[in-house]
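One structure is given below, encoded as structure tokens.
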Amino acid sequence: IPNKLGGVIALLMSILILMLIPMLHTSKQRSMMFRPLTQIMFWILVANTMILTWIGGQPVEPPFIEIGQVSSILYFSLFIIIIPTMGILENKMMKW
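If you count the sequence shown from 1, position 94 lands on 129 in my numbering, and the numbers rise without skipping.
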């Protein structure tokens, strides 16, 4: 993020997005035990968080900039798009 205001907004949004999880929960099954797609997404989120943590300690140089941008986009898209979509797909899978 090229300026400080954008960085502060991204930092706040990364924390506030965690408060949206109950509103974005679309699955009828509450436990992750019988939700294989959500289990995969959980481990992708864990790996992405580890990558973002590692990237935060690296110098601002070309390979690390792109990795950080892709990981940040994946972080936000996991919560806003992918996890709710997985809930809808798993609801359809339960009806089979």
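Even glycine gets a Cβ: it sits at the ideal position worked out from N, Cα and C.
Beta-carbon gap between residue i and residue j smaller than 8 angstroms
{"i": "residue 117", "j": "residue 76", "result": "yes"}
{"i": "residue 80", "j": "residue 106", "result": "no"}
{"i": "residue 124", "j": "residue 59", "result": "no"}
{"i": "residue 114", "j": "residue 51", "result": "no"}
Collapsed DSSP secondary structure at residue i in the structure displayed
{"i": "residue 71", "result": "helix"}
{"i": "residue 96", "result": "coil"}
{"i": "residue 131", "result": "coil"}
{"i": "residue 169", "result": "Nothing about residue 169 can be reported from this structure: the residues present for the chain run from 36 to 131 only."}
Proximal residues to residue i (C-beta, below 6 angstroms), its chain only, five neighbours per side dropped
{"i": "residue 63", "result": "126"}
{"i": "residue 61", "result": "119, 122, 123"}
{"i": "residue 49", "result": "none"}
Local Cβ density within 10 Å of residue i, reported as buried at 16 or more and exposed below that
{"i": "residue 70", "result": "buried"}
{"i": "residue 122", "result": "buried"}
For residue j and residue i, the rounded distance between their alpha carbons
{"i": "residue 39", "j": "residue 45", "result": "10 angstroms"}
{"i": "residue 1", "j": "residue 131", "result": "Nothing about residue 1 can be reported from this structure: the residues present for the chain run from 36 to 131 only."}
{"i": "residue 97", "j": "residue 90", "result": "12 angstroms"}
{"i": "residue 108", "j": "residue 65", "result": "26 angstroms"}
{"i": "residue 67", "j": "residue 74", "result": "6 angstroms"}
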